[in-house]
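Q:
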Ligand code: SF4
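Numbering (our numbering), first residue to last: 17 to 263.
1) Looking at the unbroken beta strand (DSSP E) that takes in residue 180, where does it start and where does it end?
2) Which whole-angstrom value describes the C-beta separation of residue 154 and residue 247, a residue pair presumed to lie in contact below a C-beta threshold of 8 Å?
3) Apart from the five residues on each side of it in sequence, which residues of its chain come closer than 7 Å, Cβ to Cβ, to residue 145?
4) Assign residue 63 to buried or exposed, taking buried as 16 or more other Cβ atoms, counted over all protein chains shown, within 10 Å of its Cβ.
5) Alpha carbon to alpha carbon, how far is residue 151 from residue 186? Give it in angstroms, no decimals.
6) Look up residue 169 in the DSSP assignment and say whether it is helix, strand or coil.
7) Return the Cβ separation of residue 128 and residue 224 in integer angstroms, given the expectation that the two are a contact with Cβ distance under 8 Å.
8) Count the CB pairs spanning the region 162 to 179 and the region 127 to 142 that are closer than 8 Å, and state whether there are at least three.
9) Does the beta-carbon of residue 96 have 16 or more other beta-carbons within 10 angstroms, so that it is buried, or is it exposed?
10) Rounded to whole angstroms, what's the CA-CA distance from residue 215 to residue 201? Just pull it up for me.
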């Protein structure tokens with residue numbers, strides 16, 4: 017039976033329908049038909065999220081193991097599939113390696129090795145005359161007398177660093193050799209000359225980004241990482257460099 021609210025004349029307490037409180041009919045009430053309908057839906061979504069998370073963790077863990085194994089043995093399995101998986105799961109694999117106290121930059125090294133491995137066959141199919149080499153300016157001597165021109169830093173082979181010798185040798189093989197001040201310069205040279213293959217020397221991030229850029233332009237590229245990165249006085253494993261350009 018409805019009652020007048022105290023102190024408010026002629027107003028009555030809402031009673032709902034057939035003795036059931038009004039609140040039972042609001043759309044978001046815990047007992048409303050809509051929530052009963054949505055309950056199984058959210059349950060299924062929740063289960064799906066848990067399954068996806070578990071699968072991501074399993075694949076990432078396997079990825080981390082494969083990376084460590086590949087570094088140890090120098091063997092690669094399903095390189096293209098690995099590269100796609102690595103791009104998708106990079107952050108999780110890095111987190112797993114970090115938690116396992118392993119060096120998480122191994123993931124970036126591995127992605128460079130994979131791209132080099134995948135590009136190697138196509139790279140070898142090109143002739144030396146169609147190949148371009150891009151060297152970072154930080155590899156020069158700090159006393160380098162070379163000037164920056166429209167074709168990059170014009171080495172005069174002064175003997176203060178190994179760049180002059182490398183340029184001479186690479187050009188004798190037929191390569192075009194550039195000492196570049198930055199990545200925008202490389203893009204401009206690629207656009208201008210359209211090389212068929214590229215050898216790029218740089219730090220880990222430069223190589224990684226450079227290889228992706230070359231992939232987007234369908235140019236087989238091989239990256240050679242600096243052994244000591246930085247803005248000046250960087251170092252390179254020159255034997256590795258000569259081995260790559262001799263292929
Ligand atoms: S060899 Fe070339 S790059 Fe090296 S310091 Fe001399 S001019 Fe500069």
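All C-beta atoms, glycine included, are put in the ideal place defined by N, C-alpha and C.
A: Based on what the coordinates show:
1) Note, residue 180: premise wrong, no beta strand (DSSP E); alpha helix (DSSP H) at 179 to 189.
2) 6 Å
3) 190
4) exposed
5) 12 Å
6) strand
7) 6 Å
8) no
9) exposed
10) 15 Å
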